[in-house]
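Working notes for the structure below.
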Ligand code: FES
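Now the structure itself:
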């Protein structure tokens with residue numbers, strides 16, 4: 001049994017300690033905003049916040065998340081609403097699949113660095129891939145949020 005704190009709620013999960021956190025969140029807890037893309041830490045679709053840091057949930061065993069504060073895209077995150085408004089204004093999503101992970105990374109960036117430079121935005125967002133190529137719109141939306 002593993003107890004996880006997800007979005008401020010405690011979940012007692014009967015899962016193997018090595019199960020990737022992504023599967024516990026999606027398949028056991030039922031929070032499906034966090035997406036599976038590659039399963040090998042290459043795309044960022046599965047990003048969540050663990051103790052306020054954007055983290056690949058596909059690479060994190062549930063045992064590593066014990067006692068930590070896990071926040072998914074469904075949770076309350078500072079700056080998320082502002083970013084979502086900018087995402088809408090700049091028509092960022094195309095298919096939308098990678099966008100929860102993109103937003104998680106963007107919130108993590110702004111929460112640690114409220115006025116990031118172009119280079120800092122590029123560096124922070126480099127672990128999130130988008131097959132539709134929405135990168136420039138994502139950057140524009142982040143810039144708009146910090147203006
Ligand atoms: Fe985790 Fe791609 S699913 S990085």
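Residue numbers (full-length UniProt numbering): 1 to 147. Glycine included, C-beta positions come from ideal geometry on N, C-alpha and C. Keep in mind that this is a model prediction, so the values were computed, not measured.
Rounded distance between the beta-carbons of residue j and residue i, thought under 8 Å
{"i": "residue 33", "j": "residue 72", "result": "6 Å"}
{"i": "residue 99", "j": "residue 92", "result": "7 Å"}
{"i": "residue 21", "j": "residue 60", "result": "4 Å"}
{"i": "residue 150", "j": "residue 49", "result": "Any question about residue 150 goes unanswered here, given that the chain covers just 1 to 147."}
{"i": "residue 6", "j": "residue 70", "result": "5 Å"}
{"i": "residue 57", "j": "residue 47", "result": "7 Å"}
{"i": "residue 36", "j": "residue 45", "result": "7 Å"}
DSSP state of residue i mapped onto helix, strand, coil
{"i": "residue 139", "result": "helix"}
{"i": "residue 49", "result": "strand"}
{"i": "residue 25", "result": "helix"}
{"i": "residue 55", "result": "strand"}
{"i": "residue 32", "result": "coil"}
{"i": "residue 61", "result": "strand"}
{"i": "residue 3", "result": "strand"}
{"i": "residue 20", "result": "strand"}
{"i": "residue 12", "result": "strand"}
{"i": "residue 77", "result": "coil"}
{"i": "residue 104", "result": "helix"}
{"i": "residue 121", "result": "helix"}
Contact test: residue i Cβ vs the ligand FES heavy atom, cutoff 7 Å
{"i": "residue 37", "result": "yes"}
{"i": "residue 43", "result": "yes"}
{"i": "residue 46", "result": "yes"}
{"i": "residue 58", "result": "yes"}
Per-residue burial, residue i [other beta carbons within 10 Å of its own, 16 or more giving buried]
{"i": "residue 133", "result": "exposed"}
{"i": "residue 119", "result": "exposed"}
{"i": "residue 102", "result": "buried"}
{"i": "residue 9", "result": "exposed"}
{"i": "residue 43", "result": "buried"}
{"i": "residue 40", "result": "exposed"}
{"i": "residue 26", "result": "buried"}
{"i": "residue 54", "result": "buried"}
{"i": "residue 116", "result": "buried"}
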